[in-house]
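Asks: Okay, here's the structure, questions in a sec.
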Amino acid sequence: MEKNNKLKNVLARIKNKVLIFSGKGGVGKSTVAANLAFAFADRGMKVGLLDVDIHGPNLAKMLGVENERVYASDEHTIQPVIITKNLKLVSMAFLLQDETSPVIWRGPLKMKVIQQFLEDVAWGDIDWLVIDSPPGTGDEPLSIAQLIPATGAVIVTTPQEVSLLDSRKAVNFAKKLNLKILGVIENMSGLICPYCGKEIELFKKGGGERVSNEMGVPFLGRIPIEPEIVESSDNGKPFVLSNPESRASKAFKAIVEKILHK
Ligand SMILES: Nc1ncnc2c1ncn2[C@@H]1O[C@H](COP(=O)(O)OP(=O)(O)OP(=O)(O)O)[C@@H](O)[C@H]1O
Ligand SMILES: [Mg+2]
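Next up, the structure:
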């Protein structure tokens, strides 16, 4: 009972919660989570980023803070890693001994650490908590759905049929668990040629919007493939801030506006 109150109190100070997830792996969830978080923060909002990908936490590296560690300010309070004035991050990566040791845990233990990442972290008063999940509809998004009722859900897909098929599962997962579906993002949607600026439909295009329409959920937008995104995330630089004029950055910012006006 006391535990539940603690979680409630923490969640009451977080205005909006959004879970980024997908049916398939490698579709760009972490990239989307990081860039949406930076875009919100850039608009002056206070943002927390929570990486619940326990087995493959990538956000710390993508944000250039992989050598940082969270610290406990007292017995029950974890201080998040400060990224910028408006952005803080908590990730399993900050608790690991080294980058190559796997975490070998079953569901209940994962749920427990995710609960701690919510209720024992000094998130403070924030406007957005952006949560990055591992691929699929497993323990981690399930834990979030159970711990944060009616949290917002953003489903990331790529345009290929195999990914679209799994994204339908992800949409149904969100519906079953009563998440507030904010919409679907089609990432890696067309490649902008770095030489001529023209668009190549590398993985086809438009499937994300089709799935959204079929399933009666909003479509948030398409993000093209841009080689600089890989460069930025490998080097721990926020793409939307370092390449503000690129088509992908404009797409990220348009998605943020759509989410804000929901
Ligand atoms: N629009 C894009 N253009 C170019 N590269 C991209 C784009 N989106 C993501 N990437 C790159 O693709 C790779 C996978 O992206 P990311 O790690 O964000 O996917 P993920 O869905 O989080 O993966 P996982 O399922 O393993 O958690 C990364 O190297 C990232 O930089
Ligand atoms: Mg990821």
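For the sequence shown, counting from 1, position 85 maps to 84 in numbering that gives the first Met the number 0; every step adds exactly one.
Positions of the beta carbon are idealized from the N, C-alpha and C atoms, including for glycine.
Since this is a predicted model, take the numbers as computed values, not measurements.
#1: What separation, rounded to the nearest whole angstrom, lies between the Cα atoms of residue 114 and residue 88?
#2: Decide yes or no for the touch test of the segment 88-98 against the segment 55-67: beta carbon pairs closer than 8 Å, at least 3 of them.
#3: Can residue 44 and residue 126 be called in contact, C-beta distance under 8 Å?
#4: Quick check on the burial criterion: 16 or more other C-beta atoms within 10 angstroms. Buried or exposed for residue 82?
#5: Closer than 8 Å by C-beta to residue 0: which residues in its own chain qualify, once you throw out the five before and the five after it? Chain order, please.
#6: Is residue 98 helix, strand or coil when you go by DSSP?
#7: What's the gap between the Cα of residue 234 and the Cα of residue 226?
#8: Exposed or buried, what is residue 107 when buried is set at 16 or more other beta-carbons lying within 10 Å of its beta-carbon?
#9: Under the criterion of a Cβ to heavy atom distance below 7 Å, does residue 30 qualify as lining ligand 1?
#10: When the Cα atoms are used, what is the spatial distance from residue 238 to residue 34?
#11: Closer than 7 Å: is that where the CB of residue 247 sits relative to any heavy atom of ligand 1?
Replies: On the basis of the coordinates in this document:
#1: Approximately 15 Å between the Cα atoms of the pair.
#2: Flag = yes, the segment 88-98 and the segment 55-67 touch.
#3: Taking 8 Å as the Cβ cut-off, residue 44 and residue 126 qualify as a contacting pair.
#4: Residue 82 comes out buried.
#5: Reliability fails at residue 0, whose pLDDT of 48 lies under 50, so the model's placement of it is uncertain and the value that follows must be treated cautiously. For residue 0, there are no CB contacts under 8 Å within the same chain when 5 residues up- and downstream are skipped.
#6: Residue 98 falls in the coil class under three-state DSSP.
#7: Looking at the backbone, the Cα of residue 234 and that of residue 226 are separated by about 13 Å.
#8: Classification for residue 107: exposed.
#9: At least one heavy atom of ligand 1 is found less than 7 Å from the C-beta of residue 30.
#10: Those two C-alpha atoms are separated by around 7 Å.
#11: Yes - ligand 1 has a heavy atom lying nearer than 7 Å to the Cβ of residue 247.
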